[in-house]
Each structure stands twice: as structure tokens, then as C-alpha cells.
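Here the working numbering runs 301 ahead of the position in the sequence shown, where the first position is 1.
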Amino acid sequence: MSVYRKYRNNRRKTKNKPGKSGSSMTASTKPDSCLIGTVKKTGKKFVFVPRKLDRFYKSFDIEKNGVRPRKNTLYSAKVVQSPKKGIMVKLDHEIGKAGSLDTERESLLYEYGLHEGFAEIVKKRVKNIKLSISESEIKRRTDLRDKLIFTIDGVRARDYDDAVGIQKLRDGYKLWVSIADVSYYVKPSSEVDLEAYRRATSVYLSKKVVPMLPERLSNNLCSLVPNEDRLTKTAEIVFSKDGSIKDYKIYRSVINSKYRLTYNRVTKILDGTEKLDRSDAKLQKSLQLMRELYLKVKKLRFDAGYIDLNIPEAEIIEDEQGNIIDIAKLKREPSHELIEFFMITANNVVAEFINKSDTASIYRIHDSLKQDSMAELKDKLRSLGYKKKIKNKIKAAEVQEILAHFRDTQQEYAANLFILRSMNRAIYSTNDTGHFGLGLDYYTHFTSPIRRYPDLIIHRLLDSLLEKKEPIYDLEMLSKISSHCSEKETLSDEIERESMKLERAFLLQNYIGQVSKGIIISIQSFGLFVELDDIYAEGFVPRRKIKRYDESRFHIGQQVTVKISNSDIDNRRAAFDLIKIH
302 MSVYRKYRNN
312 RRKTKNKPGK
322 SGSSMTASTK
332 PDSCLIGTVK
342 KTGKKFVFVP
352 RKLDRFYKSF
362 DIEKNGVRPR
372 KNTLYSAKVV
382 QSPKKGIMVK
392 LDHEIGKAGS
402 LDTERESLLY
412 EYGLHEGFAE
422 IVKKRVKNIK
432 LSISESEIKR
442 RTDLRDKLIF
452 TIDGVRARDY
462 DDAVGIQKLR
472 DGYKLWVSIA
482 DVSYYVKPSS
492 EVDLEAYRRA
502 TSVYLSKKVV
512 PMLPERLSNN
522 LCSLVPNEDR
532 LTKTAEIVFS
542 KDGSIKDYKI
552 YRSVINSKYR
562 LTYNRVTKIL
572 DGTEKLDRSD
582 AKLQKSLQLM
592 RELYLKVKKL
602 RFDAGYIDLN
612 IPEAEIIEDE
622 QGNIIDIAKL
632 KREPSHELIE
642 FFMITANNVV
652 AEFINKSDTA
662 SIYRIHDSLK
672 QDSMAELKDK
682 LRSLGYKKKI
692 KNKIKAAEVQ
702 EILAHFRDTQ
712 QEYAANLFIL
722 RSMNRAIYST
732 NDTGHFGLGL
742 DYYTHFTSPI
752 RRYPDLIIHR
762 LLDSLLEKKE
772 PIYDLEMLSK
782 ISSHCSEKET
792 LSDEIERESM
802 KLERAFLLQN
812 YIGQVSKGII
822 ISIQSFGLFV
832 ELDDIYAEGF
842 VPRRKIKRYD
852 ESRFHIGQQV
862 TVKISNSDID
872 NRRAAFDLIK
882 IH
């Protein structure tokens, strides 16, 4: 996992007063806050039993509002009084049968205030957008419809916002990275734009997507589907023979994607597993050229300090009925990396293009490792056998050296985890301080305007520059947008993490009582977190279940044998018993 890809609740304890639900205001019990829980009968009345807060709040009285409570049913509820007056809740929505997978998945949306649908005014505005592209608009753009340009995405992808094409030059390569021109359709301060800003990002859960833009835009007008004319912005990049950037141009364009390819299929074509017909000979040649260029670009990026952490993403495997039968480590195809490096390059040249214009912008920045975590990182790496001296102000080359030292060893995963936990988050900012993890002085997000609001802002800034007009955003506005989008991204990461924890909790219910090997991934004063070898899932071994618990007996990456003792759907976590230390 590179730092290009994503990887990402503390509750305040309160004491109960006699006869009251709680004594102080928390984020979850402020008026109008949403709680998820069930109801139970106490005497002659029903009370609401919340999840997550039941350590501190036994239950809440329910305001009578016509909704008839039912047992074994999951509800969302709104807090209608503050703790000062005694908390009550109003049953807001009946989600479904408590404990069922579909209900639990749906509850995540309510818990985090996500809405799949859009307000009627937003849907009306989108419905009024014309499907056809006028000839006058095409004439304003560079026409790339005759070029062999195509998309490469995951098999389940529905919104194709980037397409690529390549040409071999006498002294290098020319690469086209064409991105859906969302700014053409979504105008500043329109109802669609305001809702996109509010959401700031699409949220990807295990079985659904909560989109930033309505489907008519994300999966139709702005999606670069094959054999349809689509409006785009293109970064045309010229590379030298060694893969270094020689020149680039940014312009408005119109394309007609010739293929919708998947990562898996591209890998098969390149390794010879899939043979193409003669009619697709040009596609075969283009893919070979892309691989040739990508390998050169990759080498240069690593030479510049690109950090590639080997922490696999999870892939949920289901049967035909939709039941979870496994969670595996996602196999990363070389074609993933190919597209990744091309998108990084496009984002880089766009950031440089805007920076040279002296226009205020939004950058994607990433600082070096956290200084307050360096002492702990050094100790942990030494415990794994790393003997070289590590500077406090660590450079990217040193991080690469550490990762290389542990590559293909038993300690590799632990070393990667240590470094990941010591890293700062990448954020959006108006300050062009560079991207440590990518080894770039200038970086922004341009390539995903369908699902990320900062990308849409970058497209609008490009519109101003290409038309030689004054930018519509000043520094203060861009700073506000940067902060908002960074916060929304952090929240999105949390939701996606909780979604995966839910899927794992459901799967592990099928394995209660099973003994399995795993490795320790976290050591706390209250116990150990262990990741299983045969299922890509983790669980907690509480301190009270470990004889003579002493943190010094354990180390991250250490192999252990555990028994899966419990899987708690409500709290999305599993509990293990420690059987053996290896």
C-alpha cells in the first residue's frame, strides 16, 4: 500500500446520576444527535437502549410520537432533551431486524448521518442537464476522439472518471490522462455544488457507495463510458526515454473511450494469459507501451523518495446469496500500480501548472514522520532487529532503507505497521509544502472530481487559468474548503473502517471456538490485538485472560495461537483467547 492509497472514537466517560441518564453533555447526547439502538420493556413502558453508550447510560425514556416500539428491532433515535433536563429520545426510523447483516449495514448510514439519496431540488437540477454535447462546445476543445484512449478500473466500478492513452515518440513517450470535466456540469454555488461541498467525498462501504454527486452525473454524464463522447480535461505529458517529464500541457478536451478495461484483464493481457484478436492489436501495443513507461516512471519516483508500505487492503468474498464467506488480502495487480503512477504524475503536473501561475490553490500535502513518535519508532524497530542509527528528522530514503531491510522477512508486516502509525496524515492545504510520501514538491488532487470535492475545485481553478480570467476563489475561501474536506475525509475513513469491522464481526461468528494462528499487531496495557493468518480479520485478547500479563513478554509481529471466543456485532469487534505464544 503506497501513501497514495488510503488507509485510516474516543468516547468521553461520564458518571450516572441517580434517576438520570447522565451527568454531562457528550457529543453523542447533544440535542438532535442520532443514536442507534434497540428498545426493551421495563415495567409498563418501553425504553431505548443505545449502542456504544451503554457503558455510561443504561437507557433513555422514549418520547411518545406515534411510533410503536418493537422488540429485536434496530432504531435510529434523535436526542430531544439535554442531560440537564434528563435525556429523552424520539424514535426516528425503524432500520430493521437487529442483528441481521443488511440492517447492521444500513445502521452505519444513520449512525454517521449519511444519505444515499439527494434532495428533490438537487435531483431536479441534475435532471435538467442535457445529455447531448453541442458542436459549439466541442469546437472550444481539443478533439481527442480519434485517439486510442480507454479506462482501466476495478470490476465493480461504475463511475469512470479517468482515461488514458499513449503514443511512442522517437525520443520518449506521450501520455494522455483525461479526466471527466465535472466543473462543466456542476456550477459554483448551485444546489448540486452546495450538496457536493457538504458531502465533500464519496463514501465506499462494503456493499454500497454513498456518492458525492447524483447518479445521473457520476454514472452517466461524467462517467467516461466506452463509445460515448465525453467532456474532459486532459494532462498531455511528454516523457523522455528514461521516464522523466520533459513537457506537459493542460487543456479542455473531448474524448470517446474505446474500451472499458479492468485491472485483472489488463494484467492477463500483459502476461499473455489472455490473447487479443487482431482487431485489438493497437490496444495490445498501447498496454505494452504503458507498462514500459510505468516501470521507468516508477523507478524515478522511488529514486525521488516514494514510500511504498506493504499493508494489504481487505477484500470481502461472498457467495451467490450475498453471504460473507471470507475476507482476504486484496491481490494487487501490476495494472493497479500502472494507473496509480499515471494519476500521481497527472496530479503532480497540474499542481505545478497552477503553482507557476501564482494562483491560490488547494494542495495535497504530507509531512514527514511525527516527531513525537520517533523515539517509540526507533525502540520498536530495534526490537525487530534493526541496528542502524535513525535520525529524528528522518528522510524518505531512510524510510525506504528500513522497509527494504525487512522486505520478505517475518518482521516485514510489523515494520510496515510501525512506520504507518508514525506517519502524519496527508491533508488538503493552501500551503504548497510538498508530499513527503510521494517524494514530490508539488501535489494536488485533480484526477477524481466525481468523488472528491477538492478535485472539482482544482478543475474550476484550471477553467479560470485556461480562460485567462480571475479565479473565483480567494485564499480564505480555499483555506476553508481545504479544512472542511480534510475533516470529511477523516470521517469517511472512519466510516469505511467501521464498515469493514462490521463485515469481519459477522464473518467471525461462523468461527467461534476455532483455533487459529496469528500475529500480534498492537500491545496495550489492557491486552493484545491479534490479526489472524487464515482470515484477514483481527480480535482482542483482554489482559484478564492472559496469565501473568506483562507487556514486555510480547512484541508486535510475534506469532501466537488464539481461539476465537466471541464476535460482538453491536460493537463490531471480536474477542480471542490466547492459547500459545510462539
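Each residue gets a CB set at the ideal place from its N, CA and C atoms; glycine is no exception.
Owing to the predicted nature of the structure, the values given are computational and were not obtained by experimental measurement.
Assignment of Glu839 by DSSP, reduced to helix, strand and coil, places it in the strand class. Judged by DSSP in its simplified three-state form, Val368 adopts coil rather than helix or strand. In the DSSP assignment, Met778 falls within the unbroken alpha helix (DSSP H) covering Leu776 to Leu809. For Ser503, the closest alpha carbon among the candidates Tyr754, Thr731 and Ala378 is that of Tyr754. Taking all protein chains in view, the Cβ of Ala582 is surrounded by fewer than 16 other Cβ atoms within 10 Å, so the residue is classified as exposed. Listed in chain order, the non-local C-beta contacts of Ile450 below 7 Å within the same chain comprise Ala464, Val465, Gly466, Trp477, Ser479, Ile556, Ser558 and Lys559, local neighbours out to five positions each way being set aside. In the displayed model, Tyr729 falls within a strand according to three-state DSSP.
Secondary structure in the region 402-438: the alpha helix (DSSP H) runs of 4 residues or longer, each lying completely within the stretch, are 402-412 and 421-428 in chain order.
Contact between the region 540-556 and the region 605-623 is absent: fewer than 3 CB-CB pairs across the two stretches fall below 8 Å.
Following the DSSP letters along the chain, one finds Ser817 inside the beta strand (DSSP E) bounded by residues Val816 to Gln825. In the structure shown, the three-state DSSP call for Pro512 is coil. Under the Cβ criterion (8 Å, minimum of three pairs), the region 735-755 counts as touching the region 644-651.
Gln860 sits in a strand when the DSSP states are folded into three classes.
Residue burial annotation: Thr710 is exposed, with fewer than 16 other C-beta atoms found within 10 angstroms of its C-beta. In the structure shown, the three-state DSSP call for His746 is coil.
Around the beta carbon of Phe827, fewer than 16 other beta carbons sit within 10 angstroms, so the residue counts as exposed. Counting only residues of its own chain and dropping the five nearest sequence neighbours on each side, Glu395 has a CB closer than 7 Å to the CB of Thr374 and Tyr376.
Comparing alpha carbon positions, the residue from Ser519, Leu470 and Ile640 closest to Lys428 is Ser519.
The beta carbons of Ile618 and Ile628 sit closer together than 9 Å. When beta bridges are read from the DSSP output, Cys523 appears opposite no residue. For Ser554, there is no enclosing alpha helix (DSSP H); the enclosing beta strand (DSSP E) covers residues Ile546 to Asn557. Nearest to Arg459 by alpha-carbon distance, out of Lys391, Glu492, Asn366 and Thr563, is Thr563. Assignment of beta-bridge partners to Thr343 by DSSP yields Lys346. Under DSSP, Leu879 forms a beta bridge with Val863.
Beta-bridge annotation (DSSP): Ser479 is paired with Ala464 and Thr535. Taking 9 Å as the cut-off, the Cβ atoms of Gln860 and Ile820 count as close. The beta strand (DSSP E) runs of length 3 or more contained entirely in the region 609-638 are, from start to end of the chain, 615-619 and 625-630. Annotated as proximal: Glu492 and Arg426, with beta-carbon spacing under 9 Å.
Per the DSSP secondary-structure output, Glu832 pairs in a beta bridge with Ile820 and Glu839. Residue pairing from DSSP places Ile453 in a beta bridge opposite Leu562.
Note on geometry: alpha-carbon atoms of Glu790 and Phe642 lie some 22 Å from one another.
Bounds of the beta strand (DSSP E) holding Ala378 are Thr374 to Val380. Residue state for Asp673 is assigned as helix, using DSSP reduced to three classes. Beta-bridge annotation (DSSP): Glu395 is paired with Tyr376. Assigned with DSSP and collapsed to three states, Lys469 falls in strand. With respect to the 9 Å criterion, Ile655 and Leu584 are not classified as neighbours on the basis of their beta carbons.
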